[in-house]
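Here's the structure we're looking at; comments come further down.
There are 2 protein chains.
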Amino acid sequence: MIVGVLGGGQLGRMLALAGYPLGLRFRFLEPSDQAPTGVLAEQIRCPYDDHAALERFADGLAVATYEFENVPVDAARFLASHVPLYPPVEALEASQDRFFEKDFFRRLGIPTPRYCPVGASDDVVPALAETGYPAVIKTRRMGYDGKGQLLVREPANAAHAWKVLGEHPLLVEEMIAFEREVSVLAVRGRDGHTAFYPLVENHHRGGMLWLSRAPAPACSESLQRLAEDYAQRVLDALNYVGVLAIEFFERQGQLLANEMAPRVHNSGHWTIEGAQTSQFENHLRAGLALPLGDTAAIGRSVMVNLIGTLPDRRAVLGIPGAHLHLYDKAARPGRKLGHVTIRSDDPMALDRSLKQLLSWIESA
Amino acid sequence: MIVGVLGGGQLGRMLALAGYPLGLRFRFLEPSDQAPTGVLAEQIRCPYDDHAALERFADGLAVATYEFENVPVDAARFLASHVPLYPPVEALEASQDRFFEKDFFRRLGIPTPRYCPVGASDDVVPALAETGYPAVIKTRRMGYDGKGQLLVREPANAAHAWKVLGEHPLLVEEMIAFEREVSVLAVRGRDGHTAFYPLVENHHRGGMLWLSRAPAPACSESLQRLAEDYAQRVLDALNYVGVLAIEFFERQGQLLANEMAPRVHNSGHWTIEGAQTSQFENHLRAGLALPLGDTAAIGRSVMVNLIGTLPDRRAVLGIPGAHLHLYDKAARPGRKLGHVTIRSDDPMALDRSLKQLLSWIESA
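In order, the protein sequence lines correspond to chains A and B.
Once you know that position 183 of the first sequence is 188 in this note's numbering, the rest is easy, because the numbers rise by one and skip nothing.
Once you know that position 345 of the second sequence is 350 in this note's numbering, the rest is easy, because the numbers rise by one and skip nothing.
Spelled out as structure tokens, the structure:
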């Protein structure tokens, strides 16, 4: 039984590592010859929109999925005409445009920050009048890891936003004075069954996810239920299959949806060691119409991304409870090269290990 | 950093799955074109004693190991002259001959059942006089999973042993009225540091490992320490590096060594989910001079081998706490096709899940 994956990055790599024990085989479609999946599975190296290659890729697949949400929708739709593709193309589409995404949340009654689309240079300042200051101006499409974003505190800052962000359609968003950012990881099977992981607390650096704590500390049951309710609306609206991540701003017991990712997600990496079933295994189970696995946490986990440079491997492996995950990628500033999850049943021990880890990362 | 592995069976497969997250790459040398590692790593397909192929295999390896203890010692020695090979060839040698192995245990003061080597047909009955009845007659070499063994209860049964077992040198062993069989998994790093997993209780069927419970129920601290002491003697005597398994018969608080395996071992598969660090990761850490990982158990685990046929995958994945591991091997009677580990913090829940699993396996 072969699973096809569009994209051969670290998410694809971790899908394969979770899927081999289930007896699955993998085939990746990926333009790069240096992809993290290159050493451990079959690759078809070509652009995503090469239809002839997509047909070769689809040949004999039990199911296909994607690990990269900027896959062209046309390519995904073409693939979906040959083989079952999950999550559905509609989810990909909704998540690729920040304006459509916000509108989609609103239609489902999921609160979001105020927002306003911008189609031309002259529309920027009027849009800011609607959202207020400070605001974040984002490109509508192709943004990830904080790329394609600009913070503006006053009208003067906004003058060049159109140019700076590449003269593409933009979205102006109210900047929320949130208490913290949390994310929910949800999974829905082909039979409509759903399961939810405990909420995760996320910390960013330079616009990229840097550290996640799971389960999110001091998280009330009602907050968990609120997040699950919102995620359930998205899953049902899209007749979704697979893992879905939604990032929220938490403010005074409310959750405002920031964005969603129709795939396994960086804020769910802790589930490999920290949950009964990992997000990767559950994504595969969902797509293959297998029963979903238990999403309960095992103790507490902290996940820290390794960005740009790697700390000493010996040092990291010497930290109690630390699990190293390297993606076999060449080092480059701002690039996610790996992550470390520390899992422990003892919160004090977890904190001690985290301190050690952070000091090794900082000295790298 | 490439790790070379002699043998491409399920143990090699699980080594690779544990090693990819550490950023390692893998190369397997394996005669079969249907090996479980074929889909997830580079293969060199050739016989183990092909020196030219061994040289190609060794090229660029950081370290080599083996996952199959019947690798020819000459091949291992040739490989070790090109690249660091762990565990040491002496361990391979000691474990390949049941008589040498027992003598080796005895020299280290580790108790064993009574035993007596047999070199010719006429020596069988005199040897049995030394061990007493019932006894087990085993081929000295190339035995595994209960193959090459014969139980004799009286002299008349012994007459044809020489012929039945292929006219090879034999070992006659006293059959022990043991209470249970347990195994210890030990690991020693290149710096001489050692770590030990909790003792495992093993149950066999048709001479093959069928079910392991870890940690072994009702296991005293003194029994654990006794097993660790014996394992430590073997590790030190061989200047061992990597994971070592020793199987013991437990009788009245004593441990009698049955056999050892200088490699990762079936009775350690539970460590993937059930221990802080798996035996596979620790074997790799040891060989690469990385710090050893924590060997403590997380809750309780039961591992059940899937032999000959596979139960329904959906049914197994629906069992609370069950983790499926398939080896991507064609089904054949008596063949290990996979295993299931059930892990839980609650012994009652564990038993309920085990009952479900066994009923699915029996109806397969």
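All C-beta atoms, glycine included, are put in the ideal place defined by N, C-alpha and C.
The alpha helix (DSSP H) with residue i in it runs from where to where?
{"i": "residue 162 of chain B", "result": "160-163"}
{"i": "residue 276 of chain A", "result": "276-279"}
{"i": "residue 134 of chain B", "result": "129-136"}
Is residue i buried or exposed, if buried means 16 or more other CB atoms sit within 10 Å of its CB?
{"i": "residue 182 of chain A", "result": "exposed"}
{"i": "residue 21 of chain B", "result": "buried"}
{"i": "residue 405 of chain A", "result": "A query on residue 405 of chain A cannot be resolved here, the shown segment of chain A reaching from 6 to 369 and no further."}
{"i": "residue 288 of chain A", "result": "buried"}
{"i": "residue 160 of chain A", "result": "exposed"}
{"i": "residue 30 of chain A", "result": "buried"}
{"i": "residue 349 of chain A", "result": "buried"}
{"i": "residue 353 of chain A", "result": "exposed"}
{"i": "residue 239 of chain B", "result": "buried"}
{"i": "residue 165 of chain B", "result": "exposed"}
{"i": "residue 272 of chain B", "result": "buried"}
{"i": "residue 264 of chain B", "result": "buried"}
{"i": "residue 252 of chain B", "result": "buried"}
{"i": "residue 296 of chain B", "result": "buried"}
{"i": "residue 107 of chain B", "result": "buried"}
{"i": "residue 227 of chain B", "result": "exposed"}
{"i": "residue 326 of chain B", "result": "buried"}
{"i": "residue 178 of chain B", "result": "buried"}
For residue i, would you say it is in contact with chain B, using Cβ-to-Cβ distances shorter than 8 Å as the test?
{"i": "residue 8 of chain A", "result": "no"}
{"i": "residue 299 of chain A", "result": "yes"}
{"i": "residue 351 of chain A", "result": "no"}
{"i": "residue 333 of chain A", "result": "yes"}
{"i": "residue 194 of chain A", "result": "no"}
{"i": "residue 203 of chain A", "result": "no"}
{"i": "residue 82 of chain A", "result": "no"}
{"i": "residue 290 of chain A", "result": "yes"}
{"i": "residue 231 of chain A", "result": "no"}
Go to residue i, then tell me how far its beta strand (DSSP E) extends in each direction, as first and last residue.
{"i": "residue 70 of chain A", "result": "66-71"}
{"i": "residue 265 of chain A", "result": "259-266"}
{"i": "residue 29 of chain A", "result": "No beta strand (DSSP E) holds residue 29 of chain A; DSSP gives it neither H nor E."}
{"i": "residue 42 of chain B", "result": "Careful: residue 42 of chain B lies outside any beta strand (DSSP E) and carries neither H nor E."}
{"i": "residue 122 of chain B", "result": "120-123"}
{"i": "residue 143 of chain A", "result": "140-144"}
{"i": "residue 113 of chain B", "result": "Per DSSP, residue 113 of chain B belongs to no beta strand (DSSP E) and is neither H nor E."}
{"i": "residue 9 of chain A", "result": "7-11"}
{"i": "residue 269 of chain B", "result": "It is not in any beta strand (DSSP E) - residue 269 of chain B carries neither H nor E in the DSSP assignment."}
Do we get a CB-CB distance below 8 Å when we pair residue i with the residues of chain A?
{"i": "residue 295 of chain B", "result": "yes"}
{"i": "residue 330 of chain B", "result": "yes"}
{"i": "residue 281 of chain B", "result": "yes"}
{"i": "residue 316 of chain B", "result": "no"}
{"i": "residue 337 of chain B", "result": "no"}
{"i": "residue 325 of chain B", "result": "yes"}
{"i": "residue 319 of chain B", "result": "yes"}
{"i": "residue 322 of chain B", "result": "yes"}
Strictly below 8 Å CB to CB, what residues from chain C border residue i?
{"i": "residue 45 of chain A", "result": "In the displayed structure, chain C is absent; the protein chains listed are A and B."}
### Message
Going residue by residue through the segment 166-253 of chain A, where are the continuous beta strand (DSSP E) segments of at least 3 residues, counting only ones entirely within it?
### Response
175-179, 185-193, 199-201, 205-210 and 213-219
#### Entry: Positions along the segment 23-41 of chain B whose CB lies within less than 7 Å of some CB in chain A
25, 26, 27, 28 and 30
### Message
Suppose only complete runs of 3+ residues qualify. What are the beta strand (DSSP E) ranges in the segment 292-355 of chain B, listed by chain order?
### Response
305-312, 327-331 and 341-349
### Query
Looking at chain A, which residues of the segment 86-113 of chain B have a Cβ within less than 9 Å of any of its Cβ atoms?
none
### Query
Going along the chain, which unbroken runs of the beta strand (DSSP E) with 3 or more residues stay wholly within the segment 50-102 of chain A?
66-71
### Task
Below 7 Å between beta carbons is the criterion; list the residues of the segment 301-313 of chain B that meet it against any residue of chain A, in chain order.
303
#### Entry: Contacting positions in the segment 132-147 of chain A - beta carbon closer than 7 Å to chain B
none
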